[in-house]
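Structure first, then comments.
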Amino acid sequence: MKRAQNIETAVRNFLAGKSTTIQTGKELDKRIIDGALLAQEQSTKEPSAFMQPIVWRIIMRTRTTKLAAAAVIAVAVLIGLYFVGNPFGATVTFAQVIEPILKARTVVFDFIVGTEGSGLTLHDIVLGSKIRRTFSNMDTILIIDTDNARILTLDPKAKGAVYIDIQGPLQEGTKNFLEFVRNIVNNLKDMPAQELGHRSIDGRKAAGFYAAEKPNIELTIWADPETAKPIRIELLLGQTLYILKNIEFDVSVDESLVSMDVPAGYTLSDKHIDMSQFTEQDFITVLRVWVEHLLGGSFPQTLNVGELMSQTPAIGEKIGQLNISDEEKTQLGMAMGRGFVFFQQIEPNGGTWHYTGSGVKLGDGSKAIFWYQPKGSQTYRVIYGDLKVADVAPENLPK
Amino acid sequence: MLEDKLLVWKFKRGSSDALRRIYEKYKDDLLALAVSLSNDRSAAEDALHDVFVSFSRYAGRLQLRTSLRSYLLSCIANRVRTMNHAGTQVTVELDQAEAVGSDCDRPDRIAMSAEIFSRMDESLAQLPYQQREVIILHLQSGMAFRTIAQSQSVSINTVQSRYRYGLDKLRSMLNGKVQQ
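So the sequence lines, in the order shown, correspond to chains W and P. Here our numbering is used: position 9 in the first sequence is 9, and no number is missing along the way. Position in the second sequence counted from 1, then plus 1000, gives you our numbering.
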């Protein structure tokens, strides 16, 4: 060991070998988590709405509502990603890392909206312009034809099927999903990215690259240093995080998996699900149903797309319990879906939003809970605790 | 990296899910660092416990100037240093150093000569604590010298000097022992 590099390499290898054998055990995990949670609870005067237990055991009664809600998740995610566009600058780098994405005909990956472990996880099989999508918290299967802006929604348990047309504003947001993945990597290719070095990602050694166009878009890609294939992509778009992981390129995909034909044994619903328009009033419907029926009448501590979407099954089930007609339930379910889309597309469309509703009681018109500025608008739309809305100049926004 | 930003954001607002995720994500890295610094598995577990309880207690006041990972690694290093100052040894005699995890049968471990491995463990344990700490933070945890300097409130030159002196001593000890 005569040279500095030799001793450094030897010590690094020694420490790496030693540290990989050290892991916590279940008992230690429990002791630490219990202690940390207790400390967290003691430090928080008001418990988080998200920490309070929510009753999930509600019987689903309206299949169409559930199908509509599931379809909306697909649409909302798609539209948000479409609007990523080409936010970064020039200068080519990382050619090896992006090559597999640009050339792949098929891509399979897990897609998380929110943080890992708490957000909603989608599993996508992408074949050209078609996607087969399944969810971590629902049995629903979606086959999405992005070229023709059409979704076939399947409920394997009830053997129900329904087609959803997503014409109008959503149509542009649902073009070729594979292009989204390529857009991300193209963006990274064309910008000066920061190298993050090597790290263990999902149990694999990975090289990281980070790029950002503040304040709205930040992107991290972790790639296998041997094959240059991306392992994990994290995209922070406004206040919403999207994670792509377990990514596989050019795997063999049976084309029947993305067939838009209703499978044998399924009954096709004659319901027409209208997703062509989405409005502020739809978003207010989301807030009202969520707060009134799932949060005990108080607005949540935080509001973000991932958590709201993860609540979709519970909201759908709650709607199924309401004492209204099936047709009214379907209409309410669709309004909820459109409300998700409205909320989710504020930032991708160039607007901004701010949430201040933590702990505010539903019906309290004296407190603002949410305001947003549509792109190009000089004023803000402010929503109050009684769900009334007003136009407010920037200087008059609540402090 | 981005996930960490969102986790911290949610954690500061009282999310227990975010706390659990942060713990799951970094627990093994942090414990490994604590073991390397302390050479004592029990003390290392206590350090990990103390850091997470403290981290949770002061969530609302958390102001990160570096990455979440670097912050937690620094917390572990600070905690182990405090425990050392509180009464345990700063350096470890050869016969006192625990061979933590040295009974592993990993192929890469086997590839390294058993003698070198044992000597390395012993020699590291004998280094002055400040030098050992810098070496471990840099070579095991991948922390940049600048980040280490910030976390220890010393200059980057001081950190680099400790690193160089530490490696020089380590080289001397290993060469001397191999020649014996």
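C-beta atoms are modelled at their ideal positions from N, C-alpha and C, and glycine is treated no differently. A quick note: this is a predicted structure, and the numbers were derived from the prediction, not measured.
Closest by C-alpha distance to residue i, when choosing among the options
i: V113 (chain W); options: W:I131, W:F135, W:K130 and W:T106; result: W:F135
i: M1143 (chain P); options: P:S1015, P:K1010, P:E1122 and P:L1030; result: P:L1030
i: W1009 (chain P); options: P:S1038, P:S1036 and P:L1068; result: P:L1068
i: T357 (chain W); options: W:G350, W:Y384 and W:V341; result: A small fix is needed here, since residue 357 (chain W) is Gly in this sequence, not Thr. Per the Cα distances, W:Y384.
i: G359 (chain W); options: W:D202, W:V291 and W:S256; result: W:V291
i: R204 (chain W); options: W:E218, W:T220, W:P230 and W:E195; result: W:P230
i: T1066 (chain P); options: P:Q1150, P:R1162 and P:V1035; result: P:Q1150
i: P156 (chain W); options: W:G265, W:W222, W:E27 and W:T240; result: W:G265
i: G337 (chain W); options: W:Y372, W:P313, W:T352 and W:I324; result: W:P313
i: N1084 (chain P); options: P:D1004, P:Y1058 and P:E1133; result: P:E1133
i: K1248 (chain P); options: W:V382, W:E234 and W:D147; result: What the structure shows of chain P is the stretch from 1001 to 1180, and residue 1248 (chain P) is not part of that stretch, so it cannot be assessed.
i: K1025 (chain P); options: P:L1062, P:D1040, P:L1073 and P:I1148; result: P:L1073
i: D254 (chain W); options: W:V126, W:Y355, W:W353 and W:I346; result: W:V126
i: T330 (chain W); options: W:R132, W:V162, W:G296 and W:A10; result: W:V162
i: N148 (chain W); options: W:I141, W:R133, W:R132 and W:D165; result: W:D165
i: D1040 (chain P); options: P:V1080, P:S1016, P:R1013 and P:L1007; result: P:V1080
Euclidean distance between Cα positions of residue i and residue j
i: D391 (chain W); j: A211 (chain W); result: 36 angstroms
i: A49 (chain W); j: P300 (chain W); result: Reliability of the predicted coordinates at A49 (chain W) is poor, the pLDDT of 26 falling under 50, and the value obtained from them is presented with this limitation in mind. Roughly 5 angstroms between the two C-alpha positions.
i: T20 (chain W); j: L287 (chain W); result: 47 angstroms
i: T91 (chain W); j: E226 (chain W); result: Its pLDDT being 26, under 50, T91 (chain W) is placed unreliably by the model, and the measurement read from it follows with that caveat. So the two alpha carbons sit approximately 24 angstroms from each other.
i: L1019 (chain P); j: S1056 (chain P); result: 8 angstroms
i: G376 (chain W); j: A393 (chain W); result: 13 angstroms
i: L1174 (chain P); j: P1128 (chain P); result: 16 angstroms
i: R381 (chain W); j: E395 (chain W); result: 13 angstroms
i: I1076 (chain P); j: D1028 (chain P); result: 12 angstroms
i: M309 (chain W); j: T240 (chain W); result: 11 angstroms
i: R199 (chain W); j: S129 (chain W); result: 33 angstroms
i: N13 (chain W); j: I22 (chain W); result: 15 angstroms
i: E327 (chain W); j: A335 (chain W); result: 12 angstroms
i: L28 (chain W); j: V1053 (chain P); result: 13 angstroms
i: R232 (chain W); j: L120 (chain W); result: 16 angstroms
i: A223 (chain W); j: K361 (chain W); result: 46 angstroms
i: R150 (chain W); j: G339 (chain W); result: 19 angstroms
i: F88 (chain W); j: L303 (chain W); result: Here the model assigns F88 (chain W) a pLDDT of 30, short of 50, so the residue's position is not dependable and the matter cannot be decided.
i: P1107 (chain P); j: A36 (chain W); result: Residue placement at P1107 (chain P) is flagged as unreliable, the pLDDT there being 47, under the threshold of 50; a coordinate-derived value is accordingly withheld.
i: H293 (chain W); j: I144 (chain W); result: 31 angstroms
Chain P contact residues for residue i, given Cβ-Cβ distances below 7 angstroms
i: Q301 (chain W); result: R1013 and G1014
i: E116 (chain W); result: E1003 and R1021
For residue i, the first and last residue of its enclosing beta strand (DSSP E)
i: F401 (chain W); result: With chain W represented from 1 up to 399, any question about residue 401 (chain W) goes unanswered, as that position is not in the structure.
i: G160 (chain W); result: G160 to D165
i: T121 (chain W); result: L120 to L127
i: Y1023 (chain P); result: Counting along the chain, Y1023 (chain P) falls outside any beta strand (DSSP E), though it belongs to the alpha helix (DSSP H) covering S1016 to S1038.
i: T330 (chain W); result: Segment D326 to Q344 is the alpha helix (DSSP H) holding T330 (chain W); no beta strand (DSSP E) there.
i: I1135 (chain P); result: Note, I1135 (chain P): premise wrong, no beta strand (DSSP E); alpha helix (DSSP H) at Y1129 to L1139.
i: P230 (chain W); result: P230 to L237
i: V262 (chain W); result: Note, V262 (chain W): premise wrong, no beta strand (DSSP E); not H, not E.
i: E248 (chain W); result: T240 to F249
i: S200 (chain W); result: Q194 to I201
Neighbour list for residue i in chain W, Cβ cutoff strictly below 7 angstroms
i: I1135 (chain P); result: V11
i: G1142 (chain P); result: G197
i: F1117 (chain P); result: F14
Proximal residues of chain W, C-beta to C-beta of residue i below 8 angstroms
i: M1120 (chain P); result: A10, V11 and F14
i: S1042 (chain P); result: Correct list: empty, because the minimum Cβ distance to chain W is about 10 angstroms.
i: R1057 (chain P); result: A39, Q40, Q42 and S43
i: Y1023 (chain P); result: D29, I32, I33 and A36
i: S1036 (chain P); result: L15, K18 and S19
i: L1048 (chain P); result: T24, L28 and I32
i: L1139 (chain P); result: E8, V11, R12 and L15
Under 9 angstroms by beta carbon: chain W residues contacting residue i
i: F1052 (chain P); result: I32, I33, G35, A36 and A39
i: A1077 (chain P); result: What A1077 (chain P) touches in chain W: nothing, since even the nearest Cβ is about 14 angstroms away.
i: L1019 (chain P); result: I33, A36, L37 and Q40
i: A1032 (chain P); result: L15, K18, S19, T20, T21, I22 and Q23
Partner residues on chain P for residue i, Cβ-Cβ distance less than 8 angstroms
i: T146 (chain W); result: What T146 (chain W) touches in chain P: nothing, since even the nearest Cβ is about 26 angstroms away.
Supposed contact pair residue j and residue i - C-beta distance, whole angstroms, cut 8 angstroms
i: V289 (chain W); j: K245 (chain W); result: Their Cβ separation, rounded to whole angstroms, is 32 angstroms, which puts V289 (chain W) and K245 (chain W) out of contact at 8 angstroms.
i: G160 (chain W); j: S298 (chain W); result: The pair is not a contact, with the Cβ atoms about 35 angstroms apart (cut-off 8 angstroms).
i: A1044 (chain P); j: A1059 (chain P); result: With a Cβ gap of about 23 angstroms, A1044 (chain P) and A1059 (chain P) do not count as contacting.
i: R1021 (chain P); j: T115 (chain W); result: 6 angstroms
Contact set between residue i and chain P, taken where Cβ atoms lie within less than 9 angstroms
i: T153 (chain W); result: Going along chain P, no residue has its Cβ under 9 angstroms from T153 (chain W), so there is no contact; the nearest lies around 29 angstroms.
Enclosing alpha helix (DSSP H) for residue i [first to last residue]
i: Q301 (chain W); result: Taken as a continuous stretch (DSSP letters only), Q301 (chain W) belongs to no alpha helix (DSSP H), as it is neither H nor E.
i: P313 (chain W); result: T312 to Q321
i: E1045 (chain P); result: R1041 to R1057
i: L1151 (chain P); result: First, the amino acid is wrong: residue 1151 (chain P) is Ser here, not Leu. Unbroken alpha helix (DSSP H) run through S1151 (chain P): F1145 to Q1152.
Check: residue i C-beta below 7 angstroms from any heavy atom of the ligand HEM
i: L1007 (chain P); result: As for the ligand HEM, it is missing from this structure, which has no ligand bound.
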